Amino acid sequence: MTTRTTTLKHRPWFLPLAQLALLALLPAATARGQDARLQIKNLEKLADKAAEVVEVTLDKPMLELASKFLKDEDDDAEARELIKDMKGIYVKSFEFDKEGEYSDADIEPILAQLKGPGWSKLVDVRSKRDRETDAVYIMELDGKIVGLAVIAAEPKELTIVNIVGPIDLDKLSKLEGHLGVPHLDLDRKPAKEARHDSEK
Amino acid sequence: MKPLEDDLREALRRKEPPPDLAERVLARIGHISPTGQTGQVSSPAASRPTPSEAVKTSTWSRLRSWLWRPGVRWALATAACCVLIAAVVVARQRAQRARAEAAREQLEVALQLASGKLNRAFREVRRVERIENPAPAETKATRRTERL
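Residue numbers (my numbering), protein chains in the order written: chain A, -17 to 182; chain B, 8 to 155.
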């Protein structure tokens, strides 16, 4: 008790101010926690094993720069409209020559972030037969999507897409096969395999 | 002898030039020999420029003296600065354009990948739902995707 009294007596004068400052900073820290940007740097080690790597890092200034070179017609106009309010697009895609080059442990840190506040799972399709996982996570704020994360894991391919900022999923899904880039044929599964082989 | 002939002979008689004639001439055209202090003049063949050399030297020296005039110097310096600034601006514009084009390509790839993977996930959901529930029963996932 004596000790406690002594401690209080010698309490530094600036301590209340520091506590106030801490309280003031708390909302900012919470807001920062709501940022839809995922840390996917842990995947960089997979680049050495991958046969093909696609890495896209476009932050707000780069998006603005890119939008200046989008034309005012058709797909470019749609893309410009889509990225208008975006804060960033981050993509990492690895294609491997053989299976087993990456493990669940590589994806786990990303999934852990997606379990955090703000994120909710929109789609999670896991196919045991094809050993494929397709997951779509969104972050909503006031009823609007402010973040998107797509994880597509196949035996020889792993793709992580992270979009930060307001996004229209409908417009985004319509862009496939446009923008001067050929259709990526991501749905490569033959029709005969389109049986009941998946389980959520 | 006629007086006219005498006059002519007198007029055309050889006369020795004054002793300092050569020195005065050379001094006038700025080519006095280093030994001029002693009153000796270098040999005319060695130091005297040919007429064409004299014209060239004269032009160059005039140009040089014109270039070194303060106004001309400032004008040249300003022009050089303008050229340098223009070169830097053009180089920066080119670099920015290259960056923008690279960013545009990246954007296209990113949007294609995002769109493709998103559609694939939705297609998988719809496919599984069709197989599991032939009746048009909506699951939470489809309801949500449609809502969005």
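Beta carbons: idealized from backbone N, C-alpha and C, even for Gly. Just so it is clear, the structure is predicted and the values come from calculations on it, not from any experiment.
Among the CB atoms of chain A, none fall inside 8 Å of the CB of N140(B). Inter-residue distance for V79(B) and R71(B) is about 11 Å (C-alpha atoms, whole angstroms). It is roughly 11 Å from the alpha-carbon of I36(B) to the alpha-carbon of A29(B).
Below 8 Å, enough C-beta pairs join the stretch 33 to 50 of chain A and the stretch 66 to 79 of chain A to call them touching: three or more. Interface with chain B (8 Å Cβ-Cβ cutoff): K110(A) is excluded.
A33(A) places its beta carbon 8 Å or farther from that of E90(A). For G78(B), the uninterrupted alpha helix (DSSP H) run begins and ends at P77 to E139, by DSSP.
For the pair E114(A) and E136(A), the CB atoms are nearer than the 8 Å cut-off. In the DSSP assignment, I92(A) forms no beta bridge with any residue. Under the DSSP definition of a beta bridge, R31(B) lacks any partner. By the rule that beta-carbons nearer than 8 Å mark a contact, E34(A) does not touch chain B. When 8 Å is used as the limit between beta carbons, V116(B) is near these residues of chain A: V36, V38, V73 and V163, in chain order.
Taking a Cβ-Cβ threshold of 7 Å, the residues of chain A close to S122(B) are L154, S155, L157 and E158, in chain order. Fewer than three beta-carbon pairs drawn from the stretch 114 to 126 of chain A and the stretch 52 to 64 of chain A are found closer than 8 Å, and the two stretches are therefore not classed as touching. Annotated as distal: L151(A) and L114(B), with beta-carbon spacing of 8 Å or more. Relative to the Cα of A128(B), the nearest Cα in the group S155(A), K23(A) and D124(A) belongs to S155(A).
By the criterion of a C-beta distance shorter than 8 Å, E139(A) is surrounded in its chain by S75, F76, E77 and F78, once the five residues flanking it on both sides are discounted.
Beta-bridge pairing by DSSP links V35(A) to F76(A). If the five residues before and after S102(A) are omitted, its C-beta is found closer than 8 Å to the C-beta atoms of Y119, I120, M121 and E122, all from its own chain and listed in chain order. Taking 8 Å as the CB threshold, A110(B) lines the interface with chain A. In the assembly as shown, L11(B) is an exposed residue. Its beta-carbon has fewer than 16 other beta-carbons within 10 Å.
In the three-state DSSP reduction, E63(A) falls in the helix class (H, G or I). Each of D57(A), E46(A) and K80(A) was checked against the Cα of Q103(B), and the nearest Cα belongs to E46(A). Here the C-alpha atom of A18(B) lies approximately 17 Å from the C-alpha atom of P25(B). The C-beta distance from V135(B) to V105(A) rounds to 10 Å, too long to fall under 8 Å, and the pair is not in contact. With a threshold of 8 Å between beta carbons, F78(A) makes no contact with chain B. For G70(A), DSSP records a beta bridge to D41(A) and V146(A).
At a cut-off of 8 Å, the C-beta of D17(A) has no neighbouring C-beta in chain B. With a threshold of 8 Å between beta carbons, A98(B) makes no contact with chain A. Under the DSSP assignment, S155(A) falls in the alpha helix (DSSP H) whose first and last residues are L151 to K156. A117(B) and T141(A) have their C-alpha atoms roughly 11 Å apart. For K50(A), the three-state secondary structure derived from DSSP is helix.
In the three-state reduction of the DSSP assignment, D106(A) falls in the strand class.
The secondary-structure analysis by DSSP pairs A135(A) across a beta bridge with T115(A) and L140(A). Taking C-beta atoms as the reference points, L(-1)(A) and D88(A) fail to come closer than 8 Å.
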